[in-house]
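A.B. asks: Encoded as structure tokens, here's the structure I'll be asking about.
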Amino acid sequence: MKHDTITPYNSQQEKKEQVAQMFDNIANRYDLLNSILSLGIHKGWRKKCVNILKTKQPKFILDVATGTGDFAVECAKLNPEKITGIDISAGMMNFGKEKVKKLNLDHLISFELGNAETVNFPDSSFDAIVVGFGVRNFQNLEKGLSNLYRMLKPNGQLLVLEFSYPTNVFIKAGYNFYFSYIIPLVGKLFSKDTRAYAYLTKSVKAFPNNEHFVAVMNNCGYKQTSYKTLSFGIAAIYAGSK
Ligand SMILES: C[S@@+](CC[C@H](N)C(=O)[O-])C[C@H]1O[C@@H](n2cnc3c(N)ncnc32)[C@H](O)[C@@H]1O
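Numbered by the numbering used here, the letters in the sequence shown go through residues 1 to 242 in order.
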């Protein structure tokens with residue numbers, strides 16, 4: 001099944017609307033479930049991305065699909081001038097806004113409602129753009145990545161963090177079991193939206209990973225593209241520049 005036809009609710013609504021509704025529904029449990037389901041590993045993955053950006057010293061950073069703002073908060077360690085988080089789910093960003101205020105980072109990080117595919121910051125606005133676990137949810141992946149390319153400054157850096165799938169047979173077996181049974185079960189127990197966690201499993205399986213995702217980046221114009229797998233291939237960081 002093609003990845004962009006996978007939707008949370010299989011309803012008549014466009015994927016974008018279903019995804020926004022799903023994240024609004026799970027927003028109050030998102031941070032908790034993220035930590036339970038990934039056993040906290042996801043924090044280290046975002047740190048790795050931010051370490052890659054250290055040498056570039058980006059001043060203006062866009063965090064696409066910012067959700068509850070964890071990636072934006074991690075990017076604050078780079079001492080940039082401004083971080084902008086955009087997302088299609090106001091519910092997720094409300095939790096992000098609270099978090100950022102508590103951390104006294106509200107002078108640095110701001111949130112705006114915006115879709116990666118259509119948001120219209122001027123061309124060449126950002127030194128770095130990061131997307132954490134967001135691209136898989138785009139309605140049109142190429143359109144989203146091309147719009148991000150447009151908003152990057154020349155030599156600007158895109159970093160995408162996304163689930164991937166391992167190649168080692170033993171790890172793969174454990175991974176499949178975890179994604180097929182444990183995640184939907186925990187989702188059912190802790191979240192009022194059971195379909196959200198079933199969608200996570202389906203969307204990860206159908207999404208182009210590793211060299212397949214790099215090929216999509218290349219098609220969208222990115223240069224010096226590469227990927228690095230994390231934690232036995234469970235996730236990957238994709239890099240590309242303009
Ligand atoms: C799994 S959460 C990731 C949140 C955060 N980046 C993190 O690392 O925890 C995915 C987020 O992507 C957002 N999203 C999905 N499609 C989007 C789009 N086309 N444009 C902007 N945000 C989008 C969802 O609303 C959701 O908040």
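Note that CB positions come from ideal geometry on N, CA and C, so glycine has one too.
Predicted model only: the values in this text are computed from it and were never measured.
1) According to DSSP, Glu-247 sits in a beta bridge with which residue or residues?
2) To which residues does DSSP link His-82 through a beta bridge?
3) Using 8 angstroms for Cβ pairs, my map puts Lys-2 next to Gln-139. What's the rounded Cβ distance?
4) For ligand 1, list every residue whose C-beta falls under 5 angstroms from any of its heavy atoms, going in chain order.
5) According to DSSP, what are the bridge partners of Thr-229?
6) Helix, strand or coil for Asn-147, going by three-state DSSP, please let me know.
7) Specify the secondary structure class of Ile-109 as computed by DSSP and reduced to three states.
8) Figure out for me which residue from Arg-195, His-107 and Val-19 has the closest Cα to the Cα of Asn-115.
9) Please name the residue, chosen from Glu-74, Phe-177 and Tyr-175, that lies closest to Lys-48 on a Cα-to-Cα basis.
10) Quick check on the burial criterion: 16 or more other C-beta atoms within 10 angstroms. Buried or exposed for Pro-244?
11) Rounded to whole angstroms, what is the Cα-Cα separation between Arg-136 and Ile-234?
12) Go through the stretch 173-237 residue by residue and report every complete run of the beta strand (DSSP E) that reaches 3 residues or more, in order.
13) For the beta strand (DSSP E) containing Phe-126, name the first residue and the last one.
C.D. replies: If we stick to the structure as given:
1) Outside the shown range of the chain, which is 1 to 242, sits residue 247, and nothing can be said about it.
2) Your numbering for residue 82 matches position 82 in the sequence shown. It should be noted that the sequence gives Lys, not His, for residue 82. Its beta-bridge partners are Phe-60.
3) Taking the sequence shown and counting its residues from 1, one reaches residue 2 at position 2. Taking the sequence shown and counting its residues from 1, one reaches residue 139 at position 139. Not quite, the Cβ-Cβ distance comes to about 12 angstroms (not below 8 angstroms), so this is no contact.
4) Val-19, Phe-23, Ala-65, Gly-67, Asp-70, Phe-71, Asp-87, Ile-88, Ser-89, Met-92, Asn-115, Ala-116, Gly-132, Phe-133, Gly-134, Asn-137 and Phe-138
5) Taking the first residue of the sequence shown as 1, we reach residue 229 at position 229. Answer is Ala-236.
6) Numbered from 1 along the sequence shown, position 147 holds the residue referred to as residue 147. Helix at Asn-147.
7) Within the sequence shown, the letter at position 109 stands for residue 109. In the structure shown, Ile-109 sits in a strand (DSSP, three-state: E or B).
8) On the sequence shown, position 115 is the one that residue 115 refers to. Asn-115 has its Cα closest to that of Val-19, out of Arg-195, His-107 and Val-19.
9) As a first step, residue 48 must be located in the sequence shown, where it is residue number 48. Lys-48 has its Cα closest to that of Glu-74, out of Glu-74, Phe-177 and Tyr-175.
10) Lying before the first or after the last residue shown, residue 244 is absent from the chain, which here runs from 1 to 242.
11) If you number the sequence shown from 1, residue 136 lands on position 136. If you number the sequence shown from 1, residue 234 lands on position 234. So the two alpha carbons sit approximately 14 angstroms from each other.
12) 223-230
13) The residue given as residue 126 occupies position 126 in the sequence shown. That run of the beta strand (DSSP E) goes 126-132.
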